[in-house]
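**Q** I'd like to ask some things about the structure below.
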Amino acid sequence: MEGPRVAIIGTGQMGSAAARRLVGLGYSLVLWNRTRRRAEELGSSIGVRVASTLEEAVGHVEYGLVFLLDDDAVAWLATSLPRSDGLVLVNHSTNTPRMSIAVARRLEALGICYVEAPVIGGPHTLEEGKAKILVAGESRCLRRAASILRDLASSIVETGPLGSAMAAKLAYNMVLMTSLAVLGEAVLLADSHGVGLGVLGEVMRGTPMESLSKYLARVAGREDPGGARMHVAAKDLEHAGRALYDSRIPGPVSAAAGNLYRIGLASGCESYYYGATAKILQGCRGSRIW
Ligand SMILES: NC(=O)c1ccc[n+]([C@@H]2O[C@H](COP(=O)([O-])OP(=O)(O)OC[C@H]3O[C@@H](n4cnc5c(N)ncnc54)[C@H](OP(=O)(O)O)[C@@H]3O)[C@@H](O)[C@H]2O)c1
1 MEGPRVAIIG TGQMGSAAAR RLVGLGYSLV LWNRTRRRAE ELGSSIGVRV ASTLEEAVGH
61 VEYGLVFLLD DDAVAWLATS LPRSDGLVLV NHSTNTPRMS IAVARRLEAL GICYVEAPVI
121 GGPHTLEEGK AKILVAGESR CLRRAASILR DLASSIVETG PLGSAMAAKL AYNMVLMTSL
181 AVLGEAVLLA DSHGVGLGVL GEVMRGTPME SLSKYLARVA GREDPGGARM HVAAKDLEHA
241 GRALYDSRIP GPVSAAAGNL YRIGLASGCE SYYYGATAKI LQGCRGSRIW
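Take a look at the structure:
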């Protein structure tokens, strides 16, 4: 028997991981991506059809799962979708709360049930079904999305009214990405006095910093665990800045960290793991930025 019909909208790292997981669970998928070639490569590797248009992608499915990069992409989606009564659109992108709320209003007018559902965990975690998903939305929409969310995640956290799941996800990423920015500086300071990563890990062991020690080799650019690239961190902290502004809260620390990731993008680190922050300071093309 054919499983639930699902359109995967956006076949970057996260959309591809979700597609691989759901096809393995027997879902009937169709893929759509702005750059069709990327969707075709994925489609041919997992035996899934690629839609030529967004309209075709959502035309005959019960769920649309969205994995687009940023607010601009999701705003474009919301203004491009046709009326699709009965469709449940689950937005797994990391967006600002304001954009997510605006999208929900627009989609309601198109007969679409909207759930915001940003993901904590990278593509490997998502593909293995071990991600945590934060959810917010109207309860009738949450109920309809519950079974597919359970198939995607090992943990689901209801955060409150619309906008709150995006706020919680941005808050989480602010802590992680700002911590990795300063960890990069710490690694370079230690190294300049002959303190290697092993000793620094030893210093952190048994302290509240221990959980960060798994990132030491990653910030130094010596280990790439896969997952988000530098443009995702730059975007997340830029969106966190917008969300702080919307709430009239200053964000000097996360803004500084966000600028570091943007320097990474501007100086040849765009293909690096997002947390390779000491690498940004050393220069990914071999020339230091200071
Ligand atoms: N990677 C992670 O570890 C991770 C973890 C948790 C959450 N997330 C979040 O998940 C979302 C997707 O991340 P990702 O890592 O999969 O990013 P990605 O690999 O860069 O993929 C981005 C996707 O967005 C599409 N896109 C970008 N700009 C667009 C636009 N203006 N209009 C239409 N489509 C557009 C891209 O299409 P093209 O192929 O045409 O460029 C691609 O399908 C992001 O919101 C990210 O913050 C990522």
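In the numbering used here, the protein residues as written are 1 to 290. For glycine and all other residues, C-beta sits at the position ideal for the given N, C-alpha and C.
Quick check: what's the CA-CA separation for I263 versus S164?
**A** Within the sequence shown, numbered from 1, the residue matching residue 263 stands at position 263. Within the sequence shown, numbered from 1, the residue matching residue 164 stands at position 164. Roughly 30 Å separates the two Cα atoms.
**Q** Determine the direct distance from the alpha carbon of L31 to that of G251, and round the result to whole angstroms.
**A** The sequence position of residue 251 within the sequence shown is 251, counting from 1. The sequence position of residue 31 within the sequence shown is 31, counting from 1. If I take the Cα positions, the gap works out to 38 Å.
**Q** Is S93 near ligand 1, with its Cβ less than 7 Å from a heavy atom?
**A** On the sequence shown, residue 93 is found 93 positions in, with the first residue counted as 1. For ligand 1, at least one heavy atom lies less than 7 Å from the Cβ of S93.
**Q** At what residues does the beta strand (DSSP E) containing I8 begin and finish?
**A** Walking along the sequence shown from the start, residue 8 turns up at place 8. Run containing I8: 5-9, per the beta strand (DSSP E) assignment.
**Q** I need the straight-line Cα distance from Y215 to H239, nearest angstrom please.
**A** Stepping through the sequence shown from its first residue, residue 215 is reached at position 215. Stepping through the sequence shown from its first residue, residue 239 is reached at position 239. One C-alpha to the other measures close to 23 Å.
**Q** Looking at the structure shown, is R143 part of a helix, part of a strand, or coil, going by DSSP?
**A** As a first step, residue 143 is located in the sequence shown; it is residue number 143 there, counting from the start. Here R143 sits in helix by DSSP.
**Q** Within 10 angstroms of the Cβ of Y245, are there 16 or more other Cβ atoms? Answer buried if so, exposed if not.
**A** Numbered from its first residue, the sequence shown carries residue 245 at position 245. Y245 comes out exposed.
**Q** In the structure shown, what three-state DSSP assignment does G64 receive?
**A** Translated into positions along the sequence shown, residue 64 becomes position 64. Strand at G64.
**Q** Identify, in the order they occur along the chain, each residue of the same chain with its Cβ nearer than 6 Å to the Cβ of E223, setting aside the five sequence neighbours on each side.
**A** Within the sequence shown, residue 223 is the residue found at index 223, counting from 1. Excluding positions up to five away in sequence, the list reads A217.
**Q** Are A234 and A181 closer than 8 Å when you measure CB to CB?
**A** Numbered from its first residue, the sequence shown carries residue 234 at position 234. Numbered from its first residue, the sequence shown carries residue 181 at position 181. Contact: no.
**Q** Less than 7 Å between the CB of G10 and some heavy atom of ligand 1, yes or no?
**A** Taking the first residue of the sequence shown as position 1, residue 10 is located at position 10. Yes, ligand 1 has a heavy atom inside 7 Å of this Cβ.
**Q** With distance defined between alpha-carbon atoms, name the residue in G3, E56, R5, S45 nearest to A17.
**A** Residue numbering aside, residue 17 sits at position 17 when the sequence shown is read from its first letter. A17 has its Cα closest to that of S45, out of G3, E56, R5, S45.
**Q** Would the stretch 149-164 count as touching the stretch 187-202 if we require 3 or more Cβ pairs under 8 Å?
**A** No, the stretch 149-164 is not in contact with the stretch 187-202.
**Q** Using only alpha-carbon positions, find the residue among G226, P97, A168 that is nearest to E127.
**A** Residue 127 sits at position 127 when you count from the first residue of the sequence shown. Selected option, being the one with the closest Cα: G226.
**Q** Quick one: Cα of G122 to Cα of V157, how far?
**A** Start at 1 with the first residue of the sequence shown, and residue 122 comes out as number 122. Start at 1 with the first residue of the sequence shown, and residue 157 comes out as number 157. Their backbone Cα atoms lie some 17 Å apart in a straight line.
**Q** For T53, does the count of other Cβ atoms within 10 angstroms reach 16, so buried, or fall short, so exposed?
**A** Taking the sequence shown and counting its residues from 1, the one referred to as residue 53 is at position 53. So T53 ends up on the exposed side.
**Q** If you compare alpha carbons, which of S100, S93, V6, S28 is closest to V58?
**A** Taking the first residue of the sequence shown as 1, we reach residue 58 at position 58. For the residues S100, S93, V6, S28, the minimum Cα distance to V58 belongs to V6.
**Q** Nearest to E2 by CA position, among V23, Q13, G15, A19, is which residue?
**A** Here the question's residue 2 lines up with position 2 in the sequence shown. Looking at the Cα atoms, V23 is the closest of the given residues.
**Q** Exposed or buried, which one is P82 when buried takes at least 16 other CB atoms within 10 Å?
**A** Stepping through the sequence shown from its first residue, residue 82 is reached at position 82. The residue in question, P82, is exposed, as its Cβ has fewer than 16 Cβ neighbours within 10 Å.
**Q** Given a cut-off of 8 Å on the beta-carbon distance, is the pair Y274 and L237 in contact?
**A** If you number the sequence shown from 1, residue 274 lands on position 274. If you number the sequence shown from 1, residue 237 lands on position 237. Going by C-beta atoms, Y274 is not nearer than 8 Å to L237.
**Q** Would you kindly report the start and end of the unbroken alpha helix (DSSP H) that includes L126?
**A** The residue labelled residue 126 in the question sits at position 126 within the sequence shown. It spans 123-127 - the alpha helix (DSSP H) in which L126 sits, taken as one unbroken run.
**Q** Excluding five sequence neighbours on each side, which residues of the same chain lie with their C-beta closer than 8 Å to the C-beta of G201?
**A** Numbered from 1 along the sequence shown, position 201 holds the residue referred to as residue 201. Only S213, L216 meet the Cβ criterion.
**Q** How is S267 classed by DSSP in three states: helix, strand or coil?
**A** Within the sequence shown, numbered from 1, the residue matching residue 267 stands at position 267. Residue state, collapsed to three classes: coil.
**Q** DSSP three-state label for E116, please.
**A** In the sequence shown, the residue the question calls residue 116 occupies position 116. Three-state DSSP puts E116 in a strand.
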